[in-house]
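These notes are about the structure you will find just below.
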Amino acid sequence: MNGVHDMGGMDGFGPVVAEHDEPAFHAEWERRMYGLARLVMASLDVNIDEFRHAIERIPPARYLASTYYERWLAAAETLLVERGVVARAELLASEDAAIDPALIANSIAPRGPGPVTDKTANRPRFARGDRVRARNLNPSGHTRLPRYVRGKTGIVARDWGVFVFPDTNAHHAGTKPQHCYSVAFDARELWGKSAIRRDRVYIDLWDDYLEPITPVSKRKSAKR
Amino acid sequence: MSGDHHNTDDSGPAARVKALEAVLVAKGLIDPAAIDKIVDAYETRVGPRNGARVVAKAWTDPVYRKRLLADATAAVAELGYAGPEGGHLVAVENTDRVHNLVVCTLCSCYPWPVLGLPPVWYKSFAYRSRAVSDPRGVLADFGLELEPEVEVRVWDSSAEIRYLVIPQRPKGTGRMSEDALAAIVTRDSMVGVAKIEAPARA
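Chains A and B, in that order, give the protein sequences. The working numbering puts the first residue of the first sequence at 1, with every later residue one more than the last. The working numbering puts the first residue of the second sequence at 225, with every later residue one more than the last.
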């Protein structure tokens, strides 16, 4: 989904401010929340993609006003209520917008476009050095294809092997295992001429997120 | 708005978490002692000291460094480090020509077994948004200015791969032991927002 969580390339959040000698947790409730989330995921068999998507489904204004573990809390509450494990009335957050079904995206099945290709074999479509384009996909469900890379051209740097596909796995619509690649994008391809020519962003992208680009060796030689 | 303020009073999230835990315990779904067990690991055993040991070993043992660059998950496991968010580790090495920086723009993925849980700045909207579009500006926020001829490689942890930066070993540390070296390796240097300074000679 094109949510506010997909932050790569946004402006306006100010400088990065680091805290000196930061503790692992800043409050007792954060400690409890971290452990609770891990246990809830294990006991309800919530997969990591589903948990990430529950965070992404927090309404945008609320997402931006929440700390990291507040978002974990909202996600855990949402999943527990949706699974029918806990009634909203049992939670202190029963009045909370974060778990109001009317305000939560994808509490019903997400709309298409779903994944494009249907592979049963796990053979890689791409190899190191291939030029590829990140597809312009805009699924309303979970995806790990950041907005800032869609439609952009890069070069396959590594094939990491086969991983379950988040876009379907998050919605219990199959694991759809497929190759995931490290793809190198020139900073200028992503951000334009103001970016430094030699800088690159490496993004890990699944096979279904990519399309091949016909070799351009002819065009290149014509230019020179 | 940073979204990284902290609620430490007993209202808001603290009360909600307490209520949530009570409901789940009452339903027999979780054991409160199990929470302590999980959390305790990240407060005592799993943190950036693990990553520092990996880096110091890579600096002093060329054969280990080779193994680490070829298969970080296995090389890190040799030192006894493994666990959630560590199933697919990759080590990237800083050199005179290349500087690596790790981010997760979509959430806050981080190599827990070697660095522990991420600091607030790594999870901040400022870092997640700008690390990919203005990495040199982000490094400047940390007081790190790179030469223009250095190539910056930003790694956006969009899948299940978790990255560990091997920082450059500072000059003048040739005689330091592996243990002494591990003590000067910082968390920030293993994410790529800092370099390591040689300790001042006594």
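Backbone N, C-alpha and C fix where the C-beta goes; we use that ideal spot for every residue, glycine too.
Reduced DSSP secondary structure (H/G/I, E/B, other) of residue 163(A): Residue state, collapsed to three classes: strand.
Stretch pair the stretch 164-181 of chain A + the stretch 328-337 of chain B: three plus CB contacts closer than 8 angstroms: no
Simplified DSSP state of residue 60(A), which is helix, strand or coil: helix
Within chain B, the residues that residue 105(A) reaches when beta carbons sit closer than 8 angstroms: Under the 8 angstroms cutoff, chain B gives no residues; its nearest Cβ is about 15 angstroms from residue 105(A).
Which listed residue (310(B), 300(B), 326(B) and 244(B)) has its alpha carbon closest to that of residue 89(A): When each option's Cα is compared against that of residue 89(A), the closest is 244(B).
Residue-level contact to chain A via CB, residue 437(B), 8 angstroms cutoff: An answer regarding residue 437(B) cannot be provided, because it is not within the stretch 225 to 426 covered by chain B.
Rounded Cβ spacing between residue 384(B) and residue 323(B) (contact assumed at less than 8 angstroms): About 24 angstroms; that fails the 8 angstroms criterion.
Delimiting residues of the alpha helix (DSSP H) encompassing residue 259(B): 256-268
Distance between beta carbons of residue 381(B) and residue 327(B), contact taken as under 8 angstroms: 7 angstroms
Contact under 8 angstroms by Cβ, residue 69(A) with residue 33(A): Yes, the pair counts as a contact, with Cβ atoms nearer than the cut-off.
The beta strand (DSSP E) enclosing residue 314(B), as first and last residue numbers: Going by DSSP, residue 314(B) is part of the beta strand (DSSP E) stretching over 313-317.
7 angstroms Cβ shell around residue 186(A) - same chain, five flanking residues per side excluded: Around residue 186(A), the same chain offers 200 as residues with beta carbons nearer than 7 angstroms, after the five sequence neighbours per side are excluded.
Cut-off 7 angstroms between Cβ atoms - residues of its own chain near residue 394(B), not counting five sequence neighbours on either side: These residues qualify, in order along the chain: 420, 421 and 422.
Inter-residue spacing [alpha-carbon to alpha-carbon] between residue 202(A) and residue 287(B): 27 angstroms
Contact residues within the stretch 281-294 of chain B, judged by C-beta distance below 8 angstroms to chain A: none
Helix, strand or coil at residue 401(B) [DSSP, three-state]: coil
Three CB pairs or more closer than 8 angstroms across the stretch 12-28 of chain A and the stretch 348-367 of chain B: yes
Residue from 282(B), 263(B), 349(B) and 259(B) whose Cα sits closest to the Cα of residue 24(A): If we check each option's Cα against that of residue 24(A), 263(B) comes out closest.
Three CB pairs or more closer than 8 angstroms across the stretch 156-165 of chain A and the stretch 121-130 of chain A: yes
One or two residues paired with residue 212(A) in a DSSP bridge: 132(A)
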